[in-house]
Amino acid sequence: MKRSNRLVVLTDYFLENPREHVKLTHFVELCNTTKSSVSEDLDIIHDVFQQQGMGYLHRTTGAGGGVQYVPEYASEKSGAFITELQRQLEDPVRILPGGYLYMSDILGDPKMVREIGRVFASRFSNLEIDAIVTVATKGIPLAYAVASFLRVPVVIARRDPKVTEGSSVSINYVSGSSRKIQTMVLPKRSLKEGSNVCIIDDFMMAGGTIAGIKSLLEEFNATVKAIGVLAEAEDEEERIVNDYTSLIKISHVDLQNNTITILPGNYNI
Numbered sequence: 000m001k002r003s004n005r006l007v008v009l010t011d012y013f014l015e016n017p018r019e020h021v022k023l024t025h026f027v028e029l030c031n032t033t034k035s036s037v038s039e040d041l042d043i044i045h046d047v048f049q050q051q052g053m054g055y056l057h058r059t060t061g062a063g064g065g066v067q068y069v070p071e072y073a074s075e076k077s078g079a080f081i082t083e084l085q086r087q088l089e090d091p092v093r094i095l096p097g098g099y100l101y102m103s104d105i106l107g108d109p110k111m112v113r114e115i116g117r118v119f120a121s122r123f124s125n126l127e128i129d130a131i132v133t134v135a136t137k138g139i140p141l142a143y144a145v146a147s148f149l150r151v152p153v154v155i156a157r158r159d160p161k162v163t164e165g166s167s168v169s170i171n172y173v174s175g176s177s178r179k180i181q182t183m184v185l186p187k188r189s190l191k192e193g194s195n196v197c198i199i200d201d202f203m204m205a206g207g208t209i210a211g212i213k214s215l216l217e218e219f220n221a222t223v224k225a226i227g228v229l230a231e232a233e234d235e236e237e238r239i240v241n242d243y244t245s246l247i248k249i250s251h252v253d254l255q256n257n258t259i260t261i262l263p264g265n266y267n268i
C-alpha cells in the first residue's frame, strides 16, 4: 500500500477508535507494509494531529508496545466553539414563557453535540474514568458524545425503574431549585462497584440533580472524578455543587426587552 493510502487508512482508524491501544503489528498487517514504514507514518499523523489541535498519538514500547490516539481540543478551538455557542444561544427567539431558554435544537444537532463532547473529553482526558453517568433525558446525547471520545460506557439514571433493567438502587433527593423531593434509580448491573465516573448534564441551576446523582453513586462506592454541564445559571445563591466544569453561563433573560445574556462558563478558568 502506498504511503498516501496508508495515511488515510491509519488516520481514519484512529479517528474512529480513540483511546484504543493497538499493537504496531496490527497496522503492519492492515496496510501490508513493514513496521518501520508504519512507524514513519505514525510520526506524520502525530505531527498533523498536534498542528491541527486534534490531540496526539501516545506510543509505548516493549513486548506490549503499541499506539493509541488521545483526542484533545486545542484551547483556541474550544474557545472559538464556546463563543459560537454563546452567539447562537443569545438569539431572542429562544426565550420561552417564564424566562426559560429553548436549547433542544442544540441537543438535537449531531454536529453540535459531538463538538460539545469533544470539548469535555479534552478537559477530562487525563483522568482515569470508567464510565459517563447522566440522568434522563436531556443529558443523554451529551453523555454519549463525551463517552465516544473517552471510549467508556454510558450509565443512565432514571426517575422510575424499568422492568427490563432488573433490580435497581433507588434514592430520594431534594431538587435544588424547586425544593421538591424526587426519586432517582440506577440498575445494579449498569455500574461496576468502585468505578471512577464523570457526570455529564445539560443544565445546572442549584445543583440538586447532580447532588442526587452523587448520592446515588455512593451506593456503588463510585468515585466522581469530574462533572461537566453544558450550561449553568449565574449567581445561584443556593448552589450545592461547586466542583464542576461548565461551557456557558446563562447570565440574564430579560422578558421585557427580549434579550438574553450568555457568558462563558468556567471551562477556560
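Residue numbers for the sequence shown follow numbering that gives the first Met the number 0, beginning at 0 and rising by one.
By construction, the Cβ of each residue, glycine as well, lies at the ideal position given by its N, Cα and C atoms.
Bridge pairing for L95: Y99 [DSSP]. For D201, the enclosing beta strand (DSSP E) stretches over residues N195 to M203. Under the three-state reduction of DSSP output, N125 falls in the coil class, being neither helix nor strand.
Across the set R86, L215, K161 and L106, the C-alpha of R86 shows the shortest separation from the C-alpha of I249. Nearest neighbour of E39 by Cα position, chosen from A135, N16, I268 and L9, turns out to be L9. Listed in chain order, the alpha helix (DSSP H) elements of length 4 or more contained wholly in the region 128-197 are 139-149.
Non-local beta-carbon contacts of S245 in its own chain, meaning distances under 6 Å to residues more than five positions away in sequence, involve V228, E231, G264 and N265 in chain order. DSSP places T208 in the uninterrupted alpha helix (DSSP H) bounded by G207 to E217. In this structure, V223 is the residue among D90, R188, S103 and V223 with its C-alpha nearest to the C-alpha of I131.
The alpha carbon of T60 has as its nearest neighbour, out of D159, K34 and D11, the alpha carbon of K34. Distance check between N171 and each of I259, R5 and L215 places L215 closest, using alpha-carbon atoms only.
Between A144 and V112, the C-beta spacing is below 7 Å.
By the CB criterion at 7 Å, Q67 and R18 fall inside the cutoff.
Taking all protein chains shown into account, Y243 has 16 or more neighbouring C-beta atoms within 10 Å of its C-beta and is therefore buried. Counting C-beta atoms within 10 angstroms of its own C-beta, S77 has 16 or more neighbours from the protein chains shown and is therefore classed as buried.
Short of 6 Å from the beta carbon of A135, and not among the five residues preceding or following it, lie these beta carbons of its own chain, in chain order: I155 and R157. CA-CA distance, V7 to M0, rounds to 11 Å.
A residue is called buried once 16 or more other Cβ atoms fall within 10 Å of its Cβ, and S74, having fewer, is exposed. In the same chain as T260, and ignoring 5 residues on each side of it, the C-beta atoms closer than 6 Å to its own belong to S250 and H251, in chain order.
Around the beta carbon of T208, 16 or more other beta carbons lie within 10 angstroms, which makes this residue buried.
With a threshold of 16 other beta carbon atoms within 10 Å, I268 falls short and is exposed. A straight line joining the alpha-carbon of G138 with that of S36 spans about 43 Å. Ranked by how close their Cα comes to the Cα of Y99, the residues N195, M204 and L190 have M204 in first place. Here A120 carries a helix assignment [DSSP, helix/strand/coil].
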